[in-house]
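Asker:
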Amino acid sequence: MSRKKILVITPRFPYPVIGGDRLRIFEICRELSKTYELTLASLCESQSEIDYLVPDDSVFSSVHRVYLPKWKSYLNCLRALPTQTPLQVAYYSSSKFAKLVKNLSKDNNLVLPHLIRTADYAKDLETRKVLEMTDAISMNYFRVSETKNHTGIKGLIYNVEKNRLNHYEKLIAKSFDCNVLVSKFDREFLFKCDKVLFDKSLVCSNGVDVEKLTFDFSPSGNFVVFIGNMYSAQNMDAALWFASEAMPLLRENGDFTFKVIGRIKPENERKLKSYEGVIVTGAVDDIVEHARGAIAGVCPVRLAAGVQNKILEYMALGLPTITTTTGLEGLEAKPDLDILVADTPPEIVGGILRLKSDNQLAERIANSANQYVKEHHSWAGKLRPLNERISELLS
């Protein structure tokens with residue numbers, strides 16, 4: 307008996323699997339590929355992505371790519387400024403890609419766009435449709451627009467975009483049989499006033515691969531780590547805030563350093579390195595090697611939406627974790643048992659010093675956190691509701 311077919315649409319090529327967005331859609335596809343035959347249609351913004359050799363991982367039966375250079379994306383955004391189309395959506399507009407998706411959809415039983423950036427390509431297709439929204443992007447934009455670091459032209463764009471996004475997210479969701487979000491906070495933010503949309507939306511949190519990120523509680527240095535894609539506005543804001551506000555206080559208590567791990571723009575690397583005690587690694591081949599020995603993994607995010615993968619990674623690795631309340635959203639980890647929660651620089655520094663001076667406390671939190679991710683954040687477990695809903699739609 308032939309397997310039913312799903313067309314997956316992504317705004318960015320998911321290989322190599324780095325960064326939260328790519329990781330989530332890849333894991334979703336890997337899980338679905340156990341039951342269905344998957345076809346990938348992806349936009350690519352560079353020739354290297356077009357030429358990238360897809361690994362033989364048996365996730366996709368076929369892969370289709372369309373080149374959308376950045377200059378065209380920027381032109382799309384300029385054209386969208388006088389309209390109500392969110393720039394997030396306009397950036398990924400391509401007539402060639404639209405034709406590809408329409409043609410491929412005819413041979414598939416269900417279409418799954420990743421993020422609202424590609425939702426428009428699927429909204430009018432005459433087939434079953436599931437929108438993998440991941441986050442309520444507008445919630446993050448509302449938070450960004452309220453920070454003092456986002457004024458001027460950038461602040462103006464965020465202020466305009468947040469309302470467009472909020473309207474668009476609620477409107478586009480009506481075109482799909484099911485909408486998937488990473489946390490109950492995102493679902494409530496978008497759909498709490500619309501029972502129909504709320505009821506047809508799923509919450510599927512993120513998982514973590516504990517086989518790759520092996521547990522090893524072994525604090526051996528005077529440093530804390532921050533893991534993240536530093537091209538993300540929320541990650542860069544968090545790292546800068548920690549470097550400028552928390553590090554001076556922390557270094558009053560000793561020669562502590564702050565290690566930032568993840569791909570980063572050169573100008574942002576220079577910004578972070580201008581603060582005393584900050585080490586920036588850039589992209590690395592082995593996150594585990596660079597994070598081992600840290601006092602803690604920190605997640606000082608102020609602008610986030612969804613679930614913070616970095617927290618799950620810290621917990622898997624055996625790093626006691628300190629997060630803001632915002633960073634804890636979407637997780638069921640218990641404060642002071644699985645994780646420490648602190649929202650001000652003095653509170654964050656106090657937590658680091660507690661973990662440094664009390665090894666038993668640090669080890670207890672690390673062990674409890676690792677048990678939490680094993681029990682609550684396997685990818686198969688978190689994606690089971692999506693698997694079941696797709697099975698219902700295709701029955």
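Per the working numbering, residue 307 is the first one in the sequence shown, and the count goes up by one each step.
Cβ coordinates follow ideal geometry from the N, Cα and C atoms, glycine included.
Using 10 angstroms around the beta-carbon of Arg493, count the other beta-carbons present and answer buried if the total reaches 16, otherwise exposed.
Answerer: Buried.
Asker: Note the first and the last residue of the continuous beta strand (DSSP E) segment covering Pro419.
Answerer: Leu416 to Pro419
Asker: So the alpha helix (DSSP H) His682 belongs to, where does it begin and stop?
Answerer: Asn665 to His682
Asker: Below 8 Å between beta carbons: does that hold for Val613 and Ser511?
Answerer: yes
Asker: Can you list, in chain order, the stretches of the alpha helix (DSSP H) that have 4 or more residues and sit fully within the region 364 to 409?
Answerer: 376 to 386 and 393 to 396
Asker: Rounded to a whole number of angstroms, what is the C-alpha to C-alpha distance between Gly624 and Gly603?
Answerer: 9 Å
Asker: In terms of residue numbering, what span does the alpha helix (DSSP H) encompassing Glu573 cover?
Answerer: Pro572 to Lys579
Asker: Is Glu438 helix, strand or coil when you go by DSSP?
Answerer: strand
Asker: Does DSSP put Pro748 in a helix, in a strand, or in coil?
Answerer: The question about residue 748 has no answer here: the residues shown for the chain are numbered 307 through 701.
Asker: Measuring only the C-alpha atoms, how far is Ala648 from Thr629?
Answerer: 6 Å
Asker: Give the DSSP-derived three-state secondary structure of Asn469 in the structure shown.
Answerer: helix
Asker: Does the separation of the CB atoms of Val395 and Ile422 fall below 8 Å?
Answerer: The beta carbons of Val395 and Ile422 sit closer together than 8 Å.
Asker: Starting from the N-terminal side, write out each stretch of the beta strand (DSSP E) that is 3 residues or longer and does not extend beyond the region 622 to 646.
Answerer: The region 622 to 646 contains these whole beta strand (DSSP E) runs: 627 to 629.
Asker: Could you name each continuous alpha helix (DSSP H) segment of 4 residues or more that falls completely within the region 579 to 605, going from the start of the chain to the end?
Answerer: 593 to 597
Asker: Based on Cα-Cα distance, which residue from Glu653, Ala668, Glu638 and Leu359 lies nearest to Val488?
Answerer: The shortest Cα separation from Val488 among Glu653, Ala668, Glu638 and Leu359 belongs to Glu638.
Asker: For Asn541, count the other beta carbons within 10 Å of its own beta carbon; 16 or more makes it buried, fewer makes it exposed. Which is it?
Answerer: buried
Asker: Less than 7 Å between the CB of Glu694 and some heavy atom of the ligand FAD, yes or no?
Answerer: Summarising the ligand content, the structure contains no ligands, and the ligand FAD is consequently not present.
Asker: Mind the definition here: the region 669 to 685 touches the region 644 to 658 only if three or more C-beta pairs lie below 8 Å; say whether that holds.
Answerer: yes
Asker: According to DSSP, is Lys616 part of a helix, a strand, or is it coil?
Answerer: The answer is helix: DSSP assigns Lys616 an H, G or I state.
Asker: In chain order, what residues of the same chain lie with their CB nearer than 7 Å to the CB of Arg336, ignoring the 5 residues before and after it?
Answerer: Val365
Asker: Going by DSSP, what residues sit across from Cys350 in a beta bridge?
Answerer: Tyr373
Asker: Quick check on this structure: which residue in Arg328, Leu381, Ile654 and Ser367 has the alpha carbon closest to the alpha carbon of Ser550?
Answerer: Ile654
Asker: Between the Cα of Tyr380 and the Cα atoms of Tyr620, Leu393 and Leu346, which residue gives the shortest distance?
Answerer: Taking Tyr380 as reference, the option from Tyr620, Leu393 and Leu346 with the minimal CA-CA separation is Leu393.
Asker: Residues bridged to Ile533 by DSSP?
Answerer: In DSSP, Ile533 forms a bridge with Ile567.
Asker: Based on Cα-Cα distance, which residue from Phe521, Ile463, Lys340 and Cys350 lies nearest to Arg690?
Answerer: Lys340
Asker: Excluding five sequence neighbours on each side, which residues of the same chain lie with their C-beta closer than 7 Å to the C-beta of Leu329?
Answerer: Val323 and Asn615
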